[in-house]
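Structure first, commentary second.
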Amino acid sequence: MKSLKDRLRLSTFAVLAAASLATFALSAADAAAEERKSIKIGYAVSKTGANAGGAAMTTIPNYKLWLADVAANGGLELPDGTKLPVEVVEYDDRSSAEEVVRAVERLAGQDKVDFILPPWGTGFNLAVAPLFDRYGYPQLAVSSVTDKAPDFVKRWPKSYWFLGGGRDYAGALAKMAAAQTEAGVINSKVAMISVADGFGIDLVNAARPAMKEAGLEVVMDRTYPVGTQDFTTLLKEAASSGADTFVAFSYPPDTFALTQQSQVQAFNPKVLYLGVGAGFPTYGRNLGPKADGIMTLGGIDIKNERNMAYRERHKALNGEYPDLWGSVITYASLQMLADSIKRVGLDREAVAKELSTGTFDTVLGETKLEDNQLRQLWLLGQWQDGNLVGVEPADRPGASKPVLPKKAWQ
Amino acid sequence: MKTILGLAAAAIAFAGLAAAPLYLGTYGIGLMIGLIGYVTLASAWALFSGPTRFVSLATVAFFGIGAYTVSAFYESFPPLMVLGLAALIGLGVSLLVGLATLRLAGVYFVIFTFGLAELIRQLVTWYEVNITGTLGRYLFVSYGPEVVYWQLLVLCAVTFGIGYLIQRSRLGLALKMIGDDEVVAEHCGLPTARVKLALFALSSVIITLVGAIQAPRWTYIEPTIVFNPTISFLTLIMALLGGATRLWGPAVGAVPLFLLFEWLSANFPDHYSIILGLLFMAIVFVLPRGVLDFLEGLTARMKSERSRQAAGTAPEHGKGRLAEGEAK
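Quick mapping for you: the protein sequence lines, in order, are chains A and B.
At position 221 of the first sequence the residue is numbered 221 (this note's numbering), and the sequence of numbers has no breaks.
At position 189 of the second sequence the residue is numbered 599 (this note's numbering), and the sequence of numbers has no breaks.
This is the structure we're talking about:
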């Protein structure tokens, strides 16, 4: 009776010791060499938690589609023409930074996968970047918008950044608005609102100087907290500000609420620009012809047949069209990986070099990275006849002309 | 004698764990960081919430404060000083919050602490948006995960040391009394408010340090990352599973749960949430007072059964917490 507590205390130690022994045994068992029968590809992505929505839109369906396409092709092709099937190792990072770091450590150190696909989101890609670098894995960071990409490439030479930065998107918007002002379509006044979170802050910080530089006058500049659903006052203020251009750097729930409430309030700016969510396929479908004229980030070239074919295959496998911003780029980045393996084999060093310097034929068309960044991006898109078409950069092949002013809500 | 044996066992365990990076791979170290991190969080949580039975959901508020302090000051001061600074800020906030709220009782305290995490997250966001103009902060450190692990391990050992000392001190007795009946404790002349405040501050400082130590693992710090409410809930459920009133209880809950989560997220990435929810319900229904309590109850019952058989009588035995006497 008296030693009961001590026994429990000792058993606690036993549990701790067993736990550490177990991890030891696990890491030792995996070291056994084996003949190569497959290519191991691993990824950790947010299947649950706060980031699950974004990951389920841009990342996971494209990983699935690519893996299905590779399997249908008989596996990944190597330089000698043989094909090896892909073995997938998949973890859920539960939208936690510590989990995503540990999952990548596990993929690299324990599963010893050949390649690791990146997680979803700017923060998480940065969280795992030092690990990819330490273990020598190329990191195809697609779903991260950052202006610091050139610095990151210097810091982590095997990192690749595909989605541009806030300055790119804000600059494109300012350029379009300035051109329309010059053409006399709209006045030079801009009303901006932005969500007080990573995306909104990045974009609005880039937009302020960009607007000024383009000769535009920001007459309203407000932020709102994440989760805001009532925009009545902000929209009223924007309407009375006299600005022809209304810009909202918003998240999906806010984007939908803004769309709804500007119809209710008959708020009809000549340029209506909304943030993340306005590029979702359901957005255009649900609004129907009312979506016409709305602008947002991203867009596609509808004359690019390969992209349109990709969209159909995406729908066939995942039951929904891909979003019109990051999805196709995610898929293209994976095609680049497969092509690099085909050209130089499984040596990660060589694959990284090929990704940096090679030219690839992807669903985007001919694709080449500059300083490890994809710069052929649609920075501004507009809904026209049920499609979100790319309008900026205007000089890029396949660009559509913006149709402004936007028609009033019916 | 028993104390010396116990201390020796603890020292050996500590040395063994400290040597872990020598034989564990990177993933092993990462796993141990997560494990020791949650053991420390749950134990620190139980320091205050165990004896006083004030259920706090503010864990992530202090955890996030620690992480943010490091990201704000890691370039200006040496690492140990940054940790000290984080501890000071954690102490300041906890005293402020404690003074304002520890007179709240029961469910009101739970709600307040949950709100506190959100409040601090919004304050940090507001500050970053309006004053510094950026939201994410970059955190580039030169040291590897081993250093993070060792720092956590030391903190964990200190936490157990504090817990041990408190249990044997007059403070521990006072806390037990507050937990059993606060009104009676007050009538006996105990400065209940001050005792609770001291414990809350102590527990909060440790939690702040866990956040500060772990932050360099993530490279990029933003409010949604470091003020993730899941951390509060996991800490709570781990401490409750093991038994929040025992020194080793939180660790006994944290280790298996953490390993289970790891296994679930690898093997059932699509069903993780469902299994987790079922598990929580099971804990609440089957082991409401924790594993240690359950085991003690079980052994006690078996013993009384045996002695009854031996003596042929049925002695009346209190159920549950009979082995909890403090007499040593």
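Backbone N, C-alpha and C fix where the C-beta goes; we use that ideal spot for every residue, glycine too.
Please read these numbers as outputs of a predicted model, since none were measured by experiment.
Measure the C-alpha to C-alpha separation of residue i and residue j and round it to an integer number of angstroms.
| i | j | result |
| --- | --- | --- |
| Val449/B | Val128/A | 24 Å |
| Gln263/A | Gly284/A | 15 Å |
| Ala141/A | Trp161/A | 5 Å |
| Ala603/B | Leu674/B | 42 Å |
| Ala248/A | Arg102/A | 36 Å |
| Asp411/A | Gly54/A | Past the edges of chain A, shown from 1 to 410, lies residue 411/A, and the structure says nothing about it. |
| Val185/A | Thr640/B | 50 Å |
| Leu272/A | Asp244/A | 9 Å |
| Asn304/A | Arg311/A | 11 Å |
| Gly608/B | Leu585/B | First, the amino acid is wrong: residue 608/B is Ala here, not Gly. Rounded to whole angstroms, Ala608/B to Leu585/B spans 11 Å at the Cα level. |
| Gly474/B | His681/B | 28 Å |
| Lys315/A | Met442/B | 42 Å |
Name the two residues that bound the continuous beta strand (DSSP E) containing residue i.
| i | result |
| --- | --- |
| Val89/A | Val86 to Asp92 |
| Tyr273/A | Val271 to Tyr273 |
| Phe115/A | Phe115 to Leu117 |
| Tyr160/A | Ser159 to Trp161 |
Does DSSP classify residue i as helix, strand or coil?
| i | result |
| --- | --- |
| Phe483/B | helix |
| Val375/A | First, the amino acid is wrong: residue 375/A is Arg here, not Val. Three-state DSSP puts Arg375/A in coil, outside helix and strand. |
| Ala141/A | strand |
| Ile294/A | coil |
| Arg716/B | helix |
| Ala420/B | helix |
| Trp455/B | helix |
| Glu77/A | strand |
| Tyr310/A | helix |
| Val185/A | coil |
| Lys401/A | coil |
| Ala278/A | coil |
Taking only beta-carbon atoms, is residue i less than 8 Å away from chain A?
| i | result |
| --- | --- |
| Glu632/B | yes |
| Gly700/B | no |
| Tyr682/B | yes |
| Val539/B | yes |
| Ile635/B | yes |
| Pro461/B | no |
| Ser675/B | yes |
| Leu441/B | yes |
| Leu583/B | no |
| Pro679/B | yes |
| Thr645/B | no |
| Arg711/B | no |
| Tyr478/B | no |
| Leu689/B | no |
| Gln577/B | no |
| Leu619/B | no |
| Thr640/B | yes |
| Thr469/B | no |
In this structure, what does DSSP give as the bridge partners for residue i?
| i | result |
| --- | --- |
| Val190/A | Val218/A and Thr245/A |
| Phe360/A | Thr367/A |
| Ile39/A | Val86/A |
| Tyr224/A | Val195/A |
| Gln382/A | Met295/A and Val389/A |
| Ile300/A | Val389/A |
| Ile631/B | Arg547/B |
| Val45/A | Asp92/A |
What residue does the alpha helix (DSSP H) around residue i start on, and which one ends it?
| i | result |
| --- | --- |
| Ala177/A | Gly166 to Glu182 |
| Ala608/B | Thr602 to Gln624 |
| Ile521/B | Gly516 to Tyr537 |
| Thr232/A | Thr232 to Ser240 |
| Trp560/B | Pro555 to Arg578 |
| Thr122/A | Thr122 to Tyr135 |
| Ser683/B | Tyr682 to Val696 |
So, does the CB of residue i fall closer than 8 Å to a CB anywhere in chain B?
| i | result |
| --- | --- |
| Pro225/A | yes |
| Ser262/A | no |
| Ile201/A | yes |
| Asp197/A | yes |
| Leu126/A | yes |
| Gln110/A | yes |
| Ser159/A | no |
| Asp54/A | Reading the sequence as shown, one finds Gly at residue 54/A and not Asp. No, no contact with chain B. |
| Val351/A | no |
| Val145/A | no |
For residue i, go through chain D and note every residue whose CB falls closer than 9 Å to its CB, in chain order.
| i | result |
| --- | --- |
| Arg718/B | Of the chains in the structure shown, none is chain D; the protein chains are A and B. |
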